[in-house]
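Colleague: Residue numbers for the sequence shown follow the working numbering, so the first one is 58 and each next one is one higher. Input: one structure, supplied below.
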Amino acid sequence: MERTLFEKVDHYIAGLTAKENPALLHATATIDGANLFNQSISAVQGKMLQVFLKACNAQRVLELGTFRAYSTIWLAQGLPKNGKLVTIEFDQTHAEVARQNIEHAHLETIVELKVGNALEILATMIQDNEPPFDLFFIDADKPPYLEYFQMALKMSRKGSIIICDNVIRNGKVLDEDSTDEKVRGVQRLNDFLKNCDQVTATILQTVGTKEYDGMLIAVVN
Ligand code: DHB
Ligand code: MG
């Protein structure tokens, strides 16, 4: 029963606060049209990201895991015209479609899409003294989530917000003996929080149109 109720309520919230514009609908069409599992965030989650952007007056955002730019578009549309969003995608096909979707949304002046291994790209950005980002959205491959988080910390300042998708994985994080590499990846990050005094953090359980999951929300101390 819960699943359908959560979905209905998600649509209700979306109808009130998270109506999708044509650019977002187009991005979703490029996922559905390719018969891909839609691992994008929901509309309500996209709006939540915009709420965080406004709350911290964000100008600079770093996203890991562009996929087909659905979340990228929510983020970029929440930034001022002179804002900057760097988004990193490993998969060449997703990146090519994402680039088209970003152009379709007229966001190419705000969004810089980098294609390749995020750990390598982040290491180069840190080496090149990239100025700090105001908000990070980590939604890439799960095994290196802890390393992504730690590298985000290196490119943060006091007050930067770090949000990580999929850290509950249908509750599978409770299984300490899990052999699922995605579960193990997010468990490593979640466990890191236990003794981390660099951030003030919590995890919000997420329900709605997507699988039951959770988002880690951290503010850098
Ligand atoms: C998966 C990845 C995601 O980012 C997501 O939101 C849901 C599922 C996955 O790799 O299984
Ligand atoms: Mg995700």
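We put the beta carbon where it would ideally sit given N, CA and C, even for glycine.
From the DSSP output, in three-state form, read off threonine 263 for me.
Modeller: The answer is strand: DSSP assigns threonine 263 an E or B state.
Colleague: Which residues in the same chain as lysine 211 place their Cβ atom closer than 6 Å to its Cβ, once the five residues preceding and following it in sequence are excluded?
Modeller: Ile183.
Colleague: Figure out for me which residue from Val118, Leu132, Asn227 has the closest Cα to the Cα of aspartate 270.
Modeller: Asn227
Colleague: Counting only the same chain and skipping the five closest in sequence on each side, list residues whose C-beta sits under 6 Å from that of alanine 100.
Modeller: Only Ala71, Ala75, Glu77 meet the Cβ criterion.
Colleague: If you check the beta carbons only, do alanine 126 and threonine 144 fall under 9 Å apart?
Modeller: yes
Colleague: Counting only the same chain and skipping the five closest in sequence on each side, list residues whose C-beta sits under 6 Å from that of alanine 209.
Modeller: Phe193, Ile219
Colleague: Can you round the beta-carbon distance between asparagine 247 and valine 230 to whole angstroms, since I take them to be within the 8 Å contact cut?
Modeller: Correct: roughly 6 Å between the Cβ atoms.
Colleague: For lysine 111, is the classification buried or exposed, using 16 other Cβ atoms within 10 angstroms of its Cβ as the cut-off for buried?
Modeller: exposed
Colleague: Would you please state the rounded distance, in angstroms, between the beta carbons of serine 217 and phenylalanine 190? I believe it to be under 8 Å.
Modeller: 6 Å
Colleague: If distances are taken between C-alpha atoms only, which option among Glu153, Ala155, Glu169, Tyr205 comes closest to alanine 175?
Modeller: Tyr205
Colleague: Who are the Cβ neighbours of lysine 239 in its own chain at under 6 Å, not counting the five residues just before and after it?
Modeller: Lys199
Colleague: Can the beta-carbon of phenylalanine 63 be found closer than 9 Å to that of isoleucine 274?
Modeller: no
Colleague: With 16 as the cutoff for other CB atoms within 10 Å, does tyrosine 69 come out buried or exposed?
Modeller: By the neighbour-count rule (16 or more Cβ atoms within 10 Å), tyrosine 69 is not buried but exposed.
Colleague: With DSSP run on the structure shown, which of helix, strand or coil describes aspartate 248?
Modeller: In the structure shown, aspartate 248 adopts helical secondary structure according to DSSP, grouped into three states.
Colleague: So, at 6 Å on beta carbons, what are the nonlocal neighbours of aspartate 196 in its own chain, with the 5 sequence-adjacent residues on each side left out?
Modeller: Only Gly122, Asp222 meet the Cβ criterion.
Colleague: Can you tell me where the alpha helix (DSSP H) with phenylalanine 193 in it begins and where it stops?
Modeller: It is not in any alpha helix (DSSP H) - phenylalanine 193 instead sits in the beta strand (DSSP E) that spans 192-195.
Colleague: On the premise that serine 213 lies in contact with valine 277, defined as a C-beta separation below 8 Å, what is that separation, rounded to the nearest angstrom?
Modeller: 5 Å
Colleague: Just confirm the distance between the C-beta atoms of alanine 133 and isoleucine 167, as a whole number of angstroms; I'd bet it's less than 8 Å.
Modeller: That belief holds up - the Cβ atoms of alanine 133 and isoleucine 167 are roughly 5 Å apart, short of 8 Å.
Colleague: Going along the chain, which residues put their C-beta within less than 6 Å of some heavy atom in the ligand MG?
Modeller: Gln96, Asp196, Asp222, Asn223
Colleague: Roughly how many angstroms separate the alpha carbons of leucine 106 and threonine 259, rounded to a whole number?
Modeller: 15 Å
Colleague: Around the Cβ of proline 188, are there at least 16 other Cβ atoms within 10 angstroms (buried) or fewer (exposed)?
Modeller: It counts as exposed.
Colleague: Under a Cβ-count criterion, where at least 16 other Cβ atoms within 10 Å of its own Cβ denotes burial, should lysine 104 be classed as buried or exposed?
Modeller: buried
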